[in-house]
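K.L.:
Counting in our numbering, the sequence shown runs from 20 upward without gaps. Backbone N, C-alpha and C fix where the C-beta goes; we use that ideal spot for every residue, glycine too. One structure follows; several queries about it will come next.
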Amino acid sequence: MSMALAMEPVSLEHRPDLKRIASWIQPESRVLDLGCADGKLLTYLRDTRNVSGMGVELHPQSVVECARRGVQVIQQDLEEGLALFSDQQFDTVVLSKTLQSMLNTEHILREMARVARYGIVSFPNFGHWTHGLSILAGRMPVSREMPYQWYNTPNIHLCTYKDFEDLATALGLQITDKAGFSGTSEVKLLPSLRSRLAVYRFQSPYQL
Numbered sequence: 020m021s022m023a024l025a026m027e028p029v030s031l032e033h034r035p036d037l038k039r040i041a042s043w044i045q046p047e048s049r050v051l052d053l054g055c056a057d058g059k060l061l062t063y064l065r066d067t068r069n070v071s072g073m074g075v076e077l078h079p080q081s082v083v084e085c086a087r088r089g090v091q092v093i094q095q096d097l098e099e100g101l102a103l104f105s106d107q108q109f110d111t112v113v114l115s116k117t118l119q120s121m122l123n124t125e126h127i128l129r130e131m132a133r134v135a136r137y138g139i140v141s142f143p144n145f146g147h148w149t150h151g152l153s154i155l156a157g158r159m160p161v162s163r164e165m166p167y168q169w170y171n172t173p174n175i176h177l178c179t180y181k182d183f184e185d186l187a188t189a190l191g192l193q194i195t196d197k198a199g200f201s202g203t204s205e206v207k208l209l210p211s212l213r214s215r216l217a218v219y220r221f222q223s224p225y226q227l
């Protein structure tokens, strides 16, 4: 029996990064959302693109919110890997604003490429020009995307556009799309310097 309760339709108007991610996902496809939080993205995809989705989330309250939205969710630590899922079980796997907090970055990217034909990741862009100024001033950067102090941050693997692209190449991931955002605006000019959030879509080299 579904645990879903009547809720307001999900809008992504204040999350242009998630709107862009949604635009890269084909209607009626299978989607796995890693670190899905309260399930808003999967709910939006289900209601607007007829997507069959599943989420993985660690925090109990977020799991409850997913259930209220009728989103299928598994409570699990992503550091334990994706062994529950078979090769190419999904069309797209999403990892939004979580890559920088993973202990084993290469492993999770390889696993994403194993379980889905396409992967989408987003992460704070450490190459934003203000971060360089902060470091020159003797301080670690603090921003909306990285709101923590150096001693309590969960962001352990910060990177720039070029850093991620080099890693993707090393892992055999073919980047098909990318976008940059600052607040609620998409950055078109010099995104590697002016974007606070980078979003990438890549194709798996392991497609069956």
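1) Near T149, which residues of its chain fall below 8 Å by C-beta distance, leaving aside the five closest residues on each side in sequence?
2) Within 10 angstroms of its Cβ, does S21 collect 16 or more other Cβ (buried), or is it exposed?
3) Comparing C-alpha positions only, which one of I93, N174, V92, V82 sits nearest to T124?
4) List the endpoints of the continuous beta strand (DSSP E) containing A135.
5) Which residue's Cα is closest to the Cα of M131: Q222, P35, E32?
6) What did DSSP end up calling G74 once you bin it into helix, strand or coil?
7) State the start and end residues of the unbroken alpha helix (DSSP H) segment that holds F183.
8) Hey, would you say G100 sits closer than 9 Å to I127, going by beta carbons?
9) So which of T203, V70, T172 has the shortest CA-CA distance to T117?
10) Mind checking which residues open and close the beta strand (DSSP E) that includes T111?
11) Count the other CB atoms within 10 Å of the CB of A23; is the residue buried (16 or more) or exposed (fewer)?
12) Measuring alpha carbon to alpha carbon, tell me which of F145, M165, E84, S201 ends up nearest A56.
13) Straight-line CA distance for T111 to Y137?
14) Less than 9 Å between the C-beta atoms of S141 and L114, yes or no?
15) Alpha carbon to alpha carbon, how far is K59 from F183?
16) Within this structure, are the beta carbons of F200 and R49 separated by less than 9 Å?
17) For the putative contact between Y225 and D106, defined by C-beta atoms under 8 Å, what is the C-beta separation to the nearest angstrom?
18) Which of helix, strand or coil does DSSP assign to E32?
P.N.:
Well, looking at it:
1) The answer, listed in chain order, is P160, S162.
2) Here the model assigns S21 a pLDDT of 42, short of 50, so the residue's position is not dependable and the matter cannot be decided.
3) T124 has its Cα closest to that of N174, out of I93, N174, V92, V82.
4) Residues 135-143.
5) In terms of Cα proximity to M131, the closest of Q222, P35, E32 is Q222.
6) In the three-state reduction of the DSSP assignment, G74 falls in the strand class.
7) Note, F183: alpha helix (DSSP H), 180-189.
8) The answer is yes: Cβ separation under 9 Å.
9) Residue T172 is the option with its Cα nearest to T117.
10) Where T111 is concerned, the enclosing beta strand (DSSP E) stretches over 109-115.
11) Summary for A23: the model assigns pLDDT 49, below 50, so the residue's position carries little reliability, and this model does not support an answer.
12) Of F145, M165, E84, S201, the residue nearest in Cα terms is E84.
13) Here the alpha carbons of Y137 and T111 stand approximately 5 Å from one another.
14) Note that the C-beta distance between S141 and L114 is below 9 Å.
15) Those two C-alpha atoms are separated by around 26 Å.
16) Taking 9 Å as the cut-off, the beta carbon of F200 is found no closer than this to the beta carbon of R49.
17) Yes, they are in contact, since the Cβ atoms of Y225 and D106 sit about 7 Å apart, within 8 Å.
18) Coil at E32, not helix or strand.
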